[in-house]
Amino acid sequence: FIEDLPLVAHTISSDIGCLTRHGLTITNLPIDTYELASILLPMHHSYSLAALADYFGIPYQTTHRAAADALLTKELFLRLLERAAALDLAVLQEINRLAARLDWPLKVIFQDLERVKARRSTGVSILQQLAAKGDLAETTLELLLAADREPEAVEPVETPRPIPTDELVGWLEPGGLFARAFPGYEHRPPQTTMLRAVAEAFNRGEHLVVEAGTGTGKSVAYLVPALWHAVHNGERVVVSTNTITLQDQLCQKDLPDLQRVLPFPFRVALLKGRSNYLCLTRWNALRHRTDLSPEEIVTLIKILVWLPQTETGDVSELNLTEAERAVWQKVCATEETCTPRTCLRGRRRCFLYRARARAEGAHIVVVNHALLLSDLAANNQVLPDYQYLIIDEAHHLEDEATEQFGYSLRLRDLLDHLAAVGQSEGERVTGLAGDLRTYLRGVPLPIQREGEALAQDLLALASDARRAAREFFAVLAGALDRGGRAGQNADQRVRITPAVRRAPGWRDVELAWENLHVSLTALHRTLSRLATLVSDLEEHQVLDYGGLVGRLGGLLRFNEDLRREIQQLVLRPGEGQIYWVTLAGGEQTSLHTAPLHVGPLLQRLLFATKKSVVLTSATLAVNGSCAFIRERLGLDEARELVVDSPFDYARSTLLYLPTDLPEPDQPGYVSHLARLLIDLCTASEGRTLVLFTAYRPLREVYQAIRGPLAERQILVLGHGVEGVGRRQLLQTFRTTPRTVLLGTSSFWEGIDIVGEALSVLVIAKLPFSVPTDPVFAARSEQFPQPFLAYSVPQAVLRFKQGFGRLIRSQTDRGVVVLCDRRVLTKGYGEQFLGSLPPCTVRRGPARDLPGQVRAWLRGGQPAPVRRG
């Protein structure tokens, strides 16, 4: 009945697939409103039918009903057509140019709209008239960019004023500024204690370590004095977080709330690493290529529609698929292409420049630990100058410093580097060697010929290095993988110690490296010759001179870094360095280097150069002292403060310690744990988070409890079991009644579920580090008693993080079950229990646990525990 009219549906491929399976062949033009919405609404969080209906204000009763969905899709399609018709003519023309060679049903929509808009173009904007004359010029395109204001500068005052601590504390007192501004405001004495300490540290120019228990409100406690100091003294303050969750909380909630209530205005900037920002130079270069894939074309179109809307060029604004994220890596800012010498964009048309300019003009600059530390490693070339720093989630600082001050290289990374130099694919040459003729098309003929000769040399040398690289990694894996397990365990990490270097097979590794080193050195020498040739061509007509210089610089730096790092790993190990190889099989095998102790680096690069650094977290103290974390971070001269949580844990939290489970490494532990969980989760009606330290026991428990709990209408979710991501698992757990979630390391923190959805927390095993982990093993060797001095304090801090997932508000109530009997039988157990806030504690057999849980969750006290 629809004859040859286009067929419109939401996620149309599934509908056509269903019809095809039932013998109905559809030849009509398929228009997918899901895909169309993803193009026209590139910043929207979801493209489900319900989410899009909500966005456009289209009324609907329910979804997943065929007739109702069809009518809803019709209304959605009409709204999307209106959105498409509002696009600038320049954008429509560029969409159609990009899609011209693409078999893409949606392009008929944009072609029709361009024809209609072009006929009406008389008298329209100069921008549209310019674009109507042909291909969208770069300068024309950039006129579409959302406007951006030049920020004011933050300039230090001549005579700094101390923070008026008592006045700021008064703002948080009952009847104060905050109580008047926020209905239902609760005064928290621990928050004012922390505020005083932060203000005094700033005033005295001291470093401070603060453990602030859950519910303290630590972000307000440090932001209020930091903001006063930044605004009144003209000295910006950098705030660093580890997780996106906390970054979002600061930028989307806490700081906007403070902008409404504080009696002075202030500016905030969020600054991220380069790869988060679109580079218009790279984007323009990619969109002018003639060998684009369908994924590249659609991603370029999505970015094109986004450009007039974004002020930041930040990828987090975009809703990208995994395939589209791979394309983003080809258009994002890089160190090579985004430098003053090579960038072709004007300052105000560069998103990275805009972000840094906003940071220069901000009183508070929010970053993550990775950017903070990479800036230190790069001699402070990224962040604007600052003397005052607050590090939240500071318990992650050592691990992040280990990564940022270290080095890693997969065989795949090395092969990608060589492919970027040059590679033959049939008759086609890719990489720099393949592009060189295009770059040099406008230079004198003798220089062109010299460039072509160098391109041939690069091609041959890259091929030689490719063979040598594969041989080196194969010999290395063979020398280390005596048991033939490479590829079976993705986490088989082998530390390179003096004993390993003395083993008979290591001489073969050295010879294989010498061969690779010769190839890489010859390649580096030829790249340097090409760089010398190019450096004299700035005045000539070189296509994208900046891009060529940037590519060459990046290739030379990568080559130099990898030769230096592998040379140390194989032949000349440096003092104070840890070396290891991860045997993951094939091209995923990787080499790693890390500092033995990051404390001296942090002391020299960070603490010794700043007036005041405040480190805070809910988990910094062991046995009431922050000495362990201070020693790990090299922070000898610092005040410390432990602020207790304002929550009444004795009333809200039951800690149950089963006395009759086997220890985790004993036979039968997993089966006993599974039986305990079936009974426990039945009693709690789901609402349970189970924390594991490894995937293997998680999978075993998942298989054992899923069926029995499903018979009780309880859903079991397992991280890493069904291919569902962390965010989706948490959303399902938060919104679906009668659900149990099994999680590993990433679930021990960063989860904030208030209310009854999370009522029971089970800790399957004390979170000790794996003894064979290369970094942990090397650092353990520095202690006379490594287990008690290093392993236990580290595990206590992780244990406290896990415990903190349960009680997230004053009204929460729940049960924590610790299923590791070592906490009762080993001497170190008291360090774990003593690190927790004062809960109601019960010890007893596993069979008593369901009754205890039912009574506690109903608001009563736990029943007396039976013995035996």
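The opening position of the sequence shown corresponds to residue 158 in this note's numbering, with each subsequent residue numbered one higher.
No residue lacks a Cβ here, since even glycine has one placed at the ideal position from N, Cα and C.
Predicted, not measured: the structure shown is a model, and the values here were computed from it.
On the DSSP letters alone, give me the boundaries of the beta strand (DSSP E) that residue i sits inside.
| i | result |
| --- | --- |
| Tyr-813 | 810-815 |
| Glu-582 | 580-582 |
| Pro-187 | 187-189 |
| Glu-788 | Looking at the DSSP string, Glu-788 is not in any beta strand (DSSP E); the run it does join, the alpha helix (DSSP H), is 784-790. |
| Pro-752 | 747-752 |
| Arg-979 | Per DSSP, Arg-979 belongs to no beta strand (DSSP E); it is in the alpha helix (DSSP H), 979-982. |
| Tyr-564 | 564-567 |
| Arg-652 | 649-652 |
| Ser-397 | 394-398 |
| Gly-971 | 971-975 |
When the Cα atoms are used, what is the spatial distance from residue i to residue j?
| i | j | result |
| --- | --- | --- |
| Met-200 | Phe-944 | 49 angstroms |
| His-520 | Ala-387 | 5 angstroms |
| Val-998 | Gln-870 | 30 angstroms |
| Gly-959 | Trp-905 | 4 angstroms |
| Pro-894 | Arg-650 | 40 angstroms |
| Gln-416 | Pro-382 | 14 angstroms |
| Leu-270 | Leu-244 | 9 angstroms |
| Ala-224 | Ala-166 | 12 angstroms |
| Ala-831 | Gln-1018 | 26 angstroms |
| His-574 | Leu-712 | 7 angstroms |
| Val-873 | Gly-843 | 8 angstroms |
| Phe-508 | Glu-913 | 43 angstroms |
| Leu-899 | Phe-849 | 7 angstroms |
| Asn-433 | Leu-475 | 11 angstroms |
| Tyr-217 | Asp-226 | 9 angstroms |
| Gly-1025 | Gln-888 | Note that Gly-1025 scores 41 on pLDDT, short of 50, meaning its location in the model is unreliable and no value can be drawn from it. |
| Leu-705 | Thr-896 | 55 angstroms |
| Glu-492 | Ile-173 | 45 angstroms |
| Leu-753 | Phe-764 | 19 angstroms |
| Leu-700 | Ala-442 | 10 angstroms |
| Leu-677 | Arg-708 | 17 angstroms |
| Arg-585 | Lys-274 | 40 angstroms |
| Glu-732 | Arg-659 | 17 angstroms |
| Ala-288 | Ala-512 | Confidence in Ala-288 is poor, its pLDDT being 42 and thus under 50, which makes the residue's placement too unreliable to answer from. |
| Pro-803 | Val-355 | 19 angstroms |
| Asp-161 | Ile-183 | 10 angstroms |
Using the Cβ count rule (16 or more neighbours within 10 Å means buried), how would you classify residue i?
| i | result |
| --- | --- |
| Ile-283 | Because the pLDDT of Ile-283 is 39, which lies under 50, any placement of that residue in the model is unreliable, and the number read from its coordinates should be weighed accordingly. Exposed, by the Cβ-count rule. |
| Pro-927 | According to the sequence displayed, residue 927 carries Val and not Pro. Classification for Val-927: exposed. |
| Thr-456 | buried |
| Asn-646 | Low local confidence applies: a pLDDT of 48 at Asn-646 is under 50, so the model's placement there is unreliable, and no value is given. |
| Lys-459 | buried |
| Gly-729 | Contrary to the premise, residue 729 reads as Arg rather than Gly in this sequence. Its Cβ having fewer than 16 others within 10 Å, Arg-729 is exposed. |
| Lys-922 | buried |
| Leu-181 | exposed |
| Cys-175 | exposed |
| Lys-290 | Because the pLDDT of Lys-290 is 36, which lies under 50, any placement of that residue in the model is unreliable, and the number read from its coordinates should be weighed accordingly. Flag for Lys-290 reads exposed. |
| Arg-623 | buried |
| Leu-229 | buried |
| Asn-536 | exposed |
| Gln-860 | exposed |
| Arg-236 | buried |
| Thr-968 | exposed |
Would you mind reading off the limits of the alpha helix (DSSP H) that contains residue i?
| i | result |
| --- | --- |
| Arg-686 | 663-692 |
| Trp-737 | Premise fails: Trp-737 lies in the beta strand (DSSP E), 734-740, not in any alpha helix (DSSP H). |
| Leu-772 | No alpha helix (DSSP H) holds Leu-772; the beta strand (DSSP E) holding it covers 769-774. |
| Ser-828 | 826-841 |
| Ile-964 | No alpha helix (DSSP H) holds Ile-964; DSSP gives it neither H nor E. |
If contacts are defined as beta-carbon pairs under 8 angstroms, then residue i and residue j qualify, I think. What distance do you get, rounded to the angstrom?
| i | j | result |
| --- | --- | --- |
| Gln-777 | Glu-368 | This sequence places Leu at residue 777; Gln is not what is there. Indeed, because the Cβ distance is near 4 angstroms, the residues count as touching under 8 angstroms. |
| Thr-810 | Tyr-852 | Contact doesn't hold; Cβ gap of about 28 angstroms is too wide. |
| Glu-609 | Arg-598 | Actually they are not in contact, since the Cβ atoms of Glu-609 and Arg-598 sit about 11 angstroms apart, beyond 8 angstroms. |
| Leu-380 | Asp-411 | 6 angstroms |
| Val-522 | Val-395 | 5 angstroms |
| Gly-430 | Pro-313 | With a Cβ gap of about 27 angstroms, Gly-430 and Pro-313 do not count as contacting. |
| Leu-673 | Val-462 | Contact doesn't hold; Cβ gap of about 46 angstroms is too wide. |
- Query: Would you call the segment 651-669 and the segment 701-719 touching, i.e. three or more CB-CB distances under 8 angstroms?
  - Reply: Three or more beta-carbon pairs separated by less than 8 angstroms are not found between the segment 651-669 and the segment 701-719, which leaves the two stretches without contact.
- Query: For the segment 756-764 against the segment 782-801, are there 3 or more C-beta pairs whose distance is under 8 angstroms?
  - Reply: Counting C-beta pairs closer than 8 angstroms gives three or more between the segment 756-764 and the segment 782-801, which meets the contact rule.
- Message: Pairs of beta-carbons, one from the segment 1007-1018 and one from the segment 967-975, closer than 8 angstroms: are there three or more?
- Response: By the Cβ test, the segment 1007-1018 is in contact with the segment 967-975, since at least three Cβ pairs between them sit closer than 8 angstroms.
- Item | Cβ contact (3+ pairs, closer than 8 angstroms) linking the segment 978-996 and the segment 810-822 | yes
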